[in-house]
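This report concerns only the one structure given below.
Chains as they are written, first to last, in the numbering used here: chain A, 2 to 275; chain B, 105 to 417.
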């Protein structure tokens, strides 16, 4: 990315983080840690990688993006709103009575390809979309962003096996690998290590990158598929709660509890970041 | 019946390039022609029903019609959340077809009995529930299902079931078929267990009790008018189904009667009595064991007619 593109991505990530903090605070909801974890990936994806158009979110040749970790959906909603898929004012109607935006993402919102919320659903659907695109000879790509918890689900691994079996190289799995899940460290619950080797043994082409270095995110995604004839997986090493010191690497922030005082402190930290 | 379904599906798929078959390693002897004719519209996901349903949804989201197909509970209960969240919430054009509704795989045991499926599928928003009783209904309902835009659950039989209809039939989603008319009571049924209803109605006719016999092949949406007419015109209703008594076809009929102010009509549901089937035997034998036999229908109708005659004296 050139300096201007990088600046765009950084500013968007900052806005997304602040939107998420405010949305979660106002809605008295949770999952802020999961949102901040992917807040650097989504801006690069949406401004540099995906073929999408805010004015025509259903255009046939768009790249499909499925957020399988639907609980972090506010980060995607904030990204879409900032890019003009729907009015920014909708973000004020998150997680409230008669609100436009639910806690887990819904396809009723422009730009949201698929509704998720229960883990392990995104990748199988992405596989179906990949199969349909191949059958129809279409060139768009299907991206699916999954979490550590997503990869506990058996259905995700059913899809991992099927995608490799059928050489769906139009499918890209992005892993927001923050190594924390609802009740603690993934290492202590279901250790996914070594995830890279696991996926390679399952016949995927795999790369790793720092999920908070936007240049690195861009570099690893600029030339897909990673290998012709294989589905691609990019493992982004991330930090749950990234950007807010008291949230980072603390699974407590999978849940609620953002007071007025903590919100002010969090926003101050995000704004001060370079 | 499964042969009739597969033959009809293949016929439709030859004309409609949007049709995909998404399997989970079930279908031996039936699905090969589809697989060979349309290799790019066919996939075997392996023994993985959750993924099968997710893949079907993804295929359907791209403007196609995806058919999942397996035995009994495998493509429903094993992947219920995928059906609810992915298929139904997105109103995706996915058709969920089971082979062996009820206790068609009787001797195989409870893992292969589909006896709670109608209640569960019926409870899902956007889902249509169809249960053909013989080959003629299977063919007609396959056509109706594939022409319909949205999720459908299709409870097919297995093989060798007797015909209830003498020739081709016309059906519509939300409709029903009257196999014979009568004034003393109505026997409703859905699915292949209907053969016991027909035999019972024939026996009853010999003793002067003349029943209306109706196939409620469209369990959801159900044919309300047919139910209300039966209450009004025949004054007694028996519902026979090869399903648990909770939430199935009998419940659907009862809901209509109560909601529409016709709840006073004499009424009896014949269904599995909320037990896990532990006995071992073929479908016909199992039906008799669990209260779905010809004699059970006869007894239920006789009871209704006897009570009515007693109260009218």
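All C-beta atoms, glycine included, are put in the ideal place defined by N, C-alpha and C.
- request: Assuming residue 238 of chain B and residue 265 of chain B form a contact by the criterion Cβ under 8 angstroms, report the distance between their Cβ atoms to the nearest whole angstrom.
  value: Taking C-beta atoms under 8 angstroms as the contact rule, residue 238 of chain B and residue 265 of chain B qualify, at a distance of about 6 angstroms.
message: Beta-carbon within less than 7 angstroms of residue 154 of chain A's beta-carbon, same chain only, minus the 5 sequence neighbours each way: which residues are those?
response: 120 and 121
8 angstroms Cβ cut-off: residues of chain A touching residue 192 of chain B: Chain A residues near residue 192 of chain B: none, gap ~11 angstroms exceeds 8 angstroms.
field: Closer than 8 angstroms at the beta carbon, the chain A residues around residue 244 of chain B
entry: Taking a Cβ-Cβ cut-off of 8 angstroms, residue 244 of chain B has no neighbours in chain A, whose nearest Cβ is about 29 angstroms from it.
query: Along chain B, which residues have their Cβ under 8 angstroms away from the Cβ of residue 126 of chain A?
result: 158, 159, 161, 162, 165 and 190
message: Just to confirm the assignment, what range does the alpha helix (DSSP H) spanning residue 215 of chain B have?
response: Taken as a continuous stretch (DSSP letters only), residue 215 of chain B belongs to no alpha helix (DSSP H), as it is neither H nor E.
- prompt: So which residues on chain A does residue 149 of chain B lean against when the C-beta distance must stay under 8 angstroms?
  reply: Within chain A, the residues near residue 149 of chain B are 159 and 163.
Partner residues on chain A for residue 185 of chain B, Cβ-Cβ distance less than 8 angstroms: 119 and 122
- request: In the DSSP assignment, find the beta strand (DSSP E) that holds residue 191 of chain A and state where it starts and stops.
  value: Run containing residue 191 of chain A: none; DSSP gives neither H nor E here.
Whole-number beta carbon distance between residue 68 of chain A and residue 74 of chain A, since they are thought to touch under 8 angstroms: 6 angstroms
message: Looking only at its chain, what residues have a beta carbon closer than 8 angstroms to the beta carbon of residue 338 of chain B, apart from the 5 residues adjacent to it on each side?
response: 286, 287, 288, 289, 290, 315 and 316
task: Whole angstroms is fine: what's the gap from residue 2 of chain A's alpha carbon to residue 146 of chain A's?
output: Approximately 22 angstroms, taken between the alpha carbons.
message: If we define contact as Cβ-Cβ less than 8 angstroms, is residue 117 of chain B a contact residue for chain C?
response: Absence of chain C from the displayed structure is noted, the protein chains being A and B.
query: Between which two residues does the beta strand (DSSP E) harbouring residue 141 of chain B extend?
result: Counting along the chain, residue 141 of chain B falls outside any beta strand (DSSP E), though it belongs to the alpha helix (DSSP H) covering 136-141.
message: Can you tell me whether residue 174 of chain A is helix, strand or coil according to DSSP?
response: strand
- prompt: So, is the C-beta of residue 108 of chain B closer than 8 angstroms to a C-beta in chain A?
  reply: no
- request: Could you confirm whether any beta carbon from chain A is found closer than 8 angstroms to the beta carbon of residue 425 of chain B?
  value: Residue coverage of chain B in this structure runs from 105 to 417, which leaves residue 425 of chain B outside it and unanswerable.
query: Hey, residue 131 of chain A and residue 143 of chain A are a contact pair by Cβ (cut 8 angstroms); roughly how many whole angstroms apart?
result: 5 angstroms
query: For residue 373 of chain B, is the classification buried or exposed, using 16 other Cβ atoms within 10 angstroms of its Cβ as the cut-off for buried?
result: Buried, since its Cβ has 16 or more Cβ neighbours within 10 Å.
message: Comparing C-alpha positions only, which one of B:410, B:138, B:355 and B:370 sits nearest to residue 111 of chain B?
response: Ranked by how close their Cα comes to the Cα of residue 111 of chain B, the residues B:410, B:138, B:355 and B:370 have B:138 in first place.
field: Proximal residues of chain B, C-beta to C-beta of residue 130 of chain A below 8 angstroms
entry: 162, 163, 165 and 166
- prompt: Any idea if residue 362 of chain B is buried or exposed, counting beta-carbon neighbours within 10 angstroms, 16 or more meaning buried?
  reply: exposed
message: Under 8 angstroms, Cβ to Cβ, is there at least one residue of chain B near residue 156 of chain A?
response: yes
task: Grab the span of the beta strand (DSSP E) containing residue 297 of chain B for me, first residue to last.
output: It is not in any beta strand (DSSP E) - residue 297 of chain B carries neither H nor E in the DSSP assignment.
query: Candidates A:271, A:230, A:7 and A:87: which alpha carbon is nearest residue 249 of chain A's?
result: A:271
message: Closer than 9 angstroms between beta carbons: that is the criterion. Which residues of the segment 131-144 of chain A meet it against chain B?
response: 131, 132, 133, 134, 135, 136, 137, 139 and 143
- prompt: Would you report the Cα separation of residue 173 of chain A and residue 16 of chain A, rounded to the nearest angstrom?
  reply: 26 angstroms
- prompt: What residue ranges within the segment 128-180 of chain A form continuous alpha helix (DSSP H) runs of no fewer than 4 residues, ordered along the chain?
  reply: 155-166
query: If you drop the 5 nearest sequence neighbours on each side, which residues of the same chain put their C-beta closer than 6 angstroms to that of residue 212 of chain A?
result: 42, 237, 238 and 239
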